[in-house]
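In what follows, a single structure is set out as structure tokens and then discussed.
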Amino acid sequence: MSYYSKIIHSEYIRRTVLPMIGAMTMRLQTKLIIMVSTILMTSLLAVYFFLSSYTYETVQNEMGNHAKAVSSIIAVSPEFIQAIADPAAHERVQELAEAVRRETGDEYISIIDMRGIRLSHPDKDKIGQHFAGGDEAAALQGKSYISVAVGTLGKSVRAFQPVYYQGRQVGVVVTGVSMEAVQQAIDKKNRQFFLILIVVWGCGIVLTMMVAKRIKSTLLGMEPFAIARLMVERNTVIKSVREGVIVADTEGRLQLVNREARRIFSQAGIQGELIGKEASAVIPNSRMLEIARSGKAEFDQEQRINTMYILTNRMPLVVEGKIIGALATFRDLAEIKKLAEELTGVRRYVEALRAQAHEFRNQLHVINGLILNEHYGELSEYIRELSAMGDNEIRWVNKHVRDSVLAAFFMSKLSRGREMGVDLILDSDISLPEIHDGDFRNGLVTVIGNLIDNAIDAVQFTDTKKINVCVTVEDGDWFIQVEDTGPGVDAAEITRIFRKGYSTKGENRGFGLFLVGKVVEKYHGHISVDKREPQGTVFTVQLVPEEEG
0 MSYYSKIIHS EYIRRTVLPM IGAMTMRLQT KLIIMVSTIL MTSLLAVYFF
50 LSSYTYETVQ NEMGNHAKAV SSIIAVSPEF IQAIADPAAH ERVQELAEAV
100 RRETGDEYIS IIDMRGIRLS HPDKDKIGQH FAGGDEAAAL QGKSYISVAV
150 GTLGKSVRAF QPVYYQGRQV GVVVTGVSME AVQQAIDKKN RQFFLILIVV
200 WGCGIVLTMM VAKRIKSTLL GMEPFAIARL MVERNTVIKS VREGVIVADT
250 EGRLQLVNRE ARRIFSQAGI QGELIGKEAS AVIPNSRMLE IARSGKAEFD
300 QEQRINTMYI LTNRMPLVVE GKIIGALATF RDLAEIKKLA EELTGVRRYV
350 EALRAQAHEF RNQLHVINGL ILNEHYGELS EYIRELSAMG DNEIRWVNKH
400 VRDSVLAAFF MSKLSRGREM GVDLILDSDI SLPEIHDGDF RNGLVTVIGN
450 LIDNAIDAVQ FTDTKKINVC VTVEDGDWFI QVEDTGPGVD AAEITRIFRK
500 GYSTKGENRG FGLFLVGKVV EKYHGHISVD KREPQGTVFT VQLVPEEEG
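Note that numbering that gives the first Met the number 0 has the sequence shown beginning at 0, numbered continuously upward.
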């Protein structure tokens, strides 16, 4: 089973899709913010911890290199060298060292002689005492290095630099930076990193909200769970409808073909996968591309697809004022005609019953009056006349009209005429054969029925209410003539009365003669309208049925 088939399969929907929809009710914006926040925070925290570790080593090295630079400068300073080399000038060493320390901002600068005795120290009480820390031995041997040790001022980063006078080492310069100062520098950089992290995280959230808003706008303001539900409902509806449904994009390529459409196409000889193909290439006269370009809908259009006819409606697909494609719905015209035939038969049957019921009710009133007045002789004669008239009418119609459907139709119209007080006369020369083509029979009934109905309406407000109907068959062609005693049709209106919706009788009228015109056009016939003097109208119709076989 394909993915599309699964989606529209009711059991699959019930067990799989609907539970997924229930779990997806969180808003798109909320889900994106949570997802992006988690990813960003995880990534940024990883970077933060990496940078913190890297910063500790970097800052410590920077502090050590700074201390080493200060020690190196002091070690080559002639003034310092002279004071260190001359025991009489050792008091001068403290003064010079403190001046440099205040200038550089270091924690301390301590100068020791070759015995490890301090010649200078920020704490004057420590002068003359042995250097503390135990990491000075290598420096007394002429080596330059950086060390981390615990001295009298606590744990610190210390840079050792030997001092030489005339080629002989006379002492060591020690510049130190406490680890507390190092940690403060590290904390400052970490705060900067953390601030950058918060700014990046905030920008990510803002951008996520903007993207979510843009996505939601693209999705017509709908949340994903709503779209999922809509898709389930849409696919279920498309599967269940009895009409064929196809959708094409703005380039005329088919994007959707439902199951009923595939069935109709299969009957017309169109096989294979249709999705993605140009509609005009696989479906003759589809007009999908024209509808997408023009934006004009077309309704109730007959269309031929190879050997079969369909009745189709085409309309553009418009989203936010922009045409994104075209949609067509259609049904097999043969099925529609079959349904119309059934409905027409029921309508004629109901109409005949209603007319007969009205006629019988009037006759019962007469019978009831004769009984009340005890005119039993007249009553007996009246009933005999009614019986004879009904039997004669039925026998006459069945004798002259061999088609049972057409005969029942004429009987209903005769009853309708009596109900409306109209003298409806069938020409005595009528002799109609049985009709084997159901479509032609329906067309014939449409023409005769609408012409008689229009004639009945036309004579309602005239003194003489008379309608003559003549139907003949000559060399296979059918000729229908309906003449009434109505007010007639103006010459200026003759060209307009067959237009759809045109009527002088009010709204929601004007379809009868339009349908007559469609039948005449279908059967390559002809229709004429003549006005009688001083009053009356004659409609003459010729129909040429298709030859059987």
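Note that beta-carbon positions come from the ideal geometry of N, C-alpha and C, so glycine has one too.
For G275 and V246, what's the separation of their Cα atoms in angstroms? For G275 and V246, the distance between alpha carbons rounds to 11 Å.
Going by CA-CA distance only, name the one from R157, F264 and I204 that's closest to D331. It is F264 whose Cα lies nearest to the Cα of D331.
Taking C-alpha atoms, which residue in G141, Q140 and A136 lies nearest to A148? Comparing Cα-Cα distances from A148 to each of G141, Q140 and A136, the minimum goes to A136.
Contacts around V468, its chain only, beta-carbon distance under 6 Å, and the 5 residues preceding and following it disregarded: Within the same chain, V468 has close Cβ partners L425 and V481.
If you reduce the DSSP assignment to three classes, tell me which class E545 lands in. Three-state result, E545: coil.
Select from K154, R498, K465 and G170 the residue whose C-alpha is nearest the C-alpha of S119. Of K154, R498, K465 and G170, the smallest CA-CA separation from S119 is found for G170.
Verify whether the separation of the beta carbon atoms of N441 and G511 is less than 8 Å. No, these two residues do not count as a Cβ contact at 8 Å.
CA-CA distance, Q541 and T445? When rounded, the distance between both Cα atoms is 13 Å.
Expressed to the nearest angstrom, what Euclidean distance is found between the alpha-carbon atoms of L139 and K67? So the alpha carbons of these two residues sit roughly 16 Å apart.
Would you check if there are 3 or more beta carbon pairs closer than 8 Å linking the segment 168-185 to the segment 111-131? Touching, yes, given that three or more Cβ pairs across the two stretches are closer than 8 Å.
Applying the criterion that 16 or more other CB atoms from any shown protein chain within 10 Å of the CB defines a buried residue, is G505 buried or exposed? With a pLDDT of 49 at G505, under the threshold of 50, the modelled position of that residue is not reliable, and the figure given next carries that caveat. By the 10 Å Cβ count, G505 comes out exposed.
Could you name the residues of the same chain whose beta carbon sits closer than 8 Å to that of Q534, not counting the 5 residues immediately before and after it, in chain order? Taken in chain order, the residues that qualify are T461, T484, G485, P486 and G487.
Kindly indicate which three-state DSSP category P432 falls into: helix, strand or coil? Correct three-state label for P432: coil.
Is the distance from the Cβ of G243 to the Cβ of T328 below 8 Å? At a Cβ-Cβ threshold of 8 Å, G243 and T328 count as neighbours.
In terms of alpha-carbon separation, which member of M208, A280 and I80 lies closest to K30? Checked all of M208, A280 and I80; the closest Cα to K30 is M208.
Span separating the alpha-carbon of G294 from that of K517: Whole-angstrom Cα-Cα distance: 27 Å.
Suppose you measure from the CA of D186 to the CA of S216; what does that come to, to the nearest Å? C-alpha of D186 to C-alpha of S216: approximately 45 Å in a straight line.
Taking the alpha-carbon positions, what's the G21 to R228 distance? Interpretation of G21 is limited by its pLDDT of 47, a score under 50 that renders its predicted location unreliable; no figure is taken from the coordinates.
Under the DSSP definition of a beta bridge, which residues are partnered with M314? M314 pairs with L326.
So does the segment 71-78 actually touch the segment 192-201, counting three or more Cβ pairs closer than 8 Å? Short answer: they don't touch.
Paired residues, beta bridge with N467 - DSSP: I424 and E482.
Give the C-beta separation of S146 and S177 to the nearest angstrom, bearing in mind that I take them to be a contact with Cβ-Cβ under 8 Å. For a cut-off of 8 Å, the C-beta gap from S146 to S177 is around 14 Å, too long to register as a contact.
Own chain residues within Cβ distance below 6 Å of V35, not counting five before or after: In its chain, beyond the 5 residues on either side, G203 and T207 have a beta carbon closer than 6 Å to the beta carbon of V35.
Does the beta-carbon distance from L560 to L326 come in below 8 Å? Look at the range of the chain in this structure, 0 to 548, and you will see that residue 560 is not part of it.
Where E179 and D105 are concerned, what is the direct C-alpha to C-alpha distance, given to the nearest angstrom? Taking the straight line joining both Cα atoms gives about 12 Å.
Residue from N284, L288 and A291 whose Cα sits closest to the Cα of E301: Comparing Cα-Cα distances from E301 to each of N284, L288 and A291, the minimum goes to N284.
How many Å lie between A278 and Q270 at the Cα? Approximately 13 Å, taken between the alpha carbons.
First through last residue of the beta strand (DSSP E) which encompasses S527: It spans H525 to K530 - the beta strand (DSSP E) in which S527 sits, taken as one unbroken run.
Close-in-space but distant-in-sequence residues of the same chain around G127 (CB under 8 Å, 5 per side omitted): Result list for G127: I116 and R117, in chain order.
Complete runs of the beta strand (DSSP E) confined to the segment 229-283 [at least 3 residues]: If one requires a minimum length of 3 residues, the beta strand (DSSP E) runs lying completely within the segment 229-283 are 243-248 and 253-256, in chain order.
Return the first residue and the last residue of the alpha helix (DSSP H) that E492 is part of. Element bounds for E492: n/a, residue is neither H nor E.
Should S527 be labelled buried (16 or more other beta-carbon atoms within 10 Å of its own) or exposed? That one is exposed.
Option nearest I429 by Cα separation, candidates V396, E334 and L423: It is V396 whose Cα lies nearest to the Cα of I429.
Drop a sphere of 10 angstroms on the beta-carbon of R252, count the other beta-carbons inside from all chains shown, and report buried for 16 or more, exposed for fewer. It counts as buried.
S414 versus E297: straight-line alpha-carbon distance, rounded: One C-alpha to the other measures close to 40 Å.
Going by DSSP, what residue range makes up the alpha helix (DSSP H) through G416? Where G416 is concerned, the enclosing alpha helix (DSSP H) starts and stops at S403 to E418.
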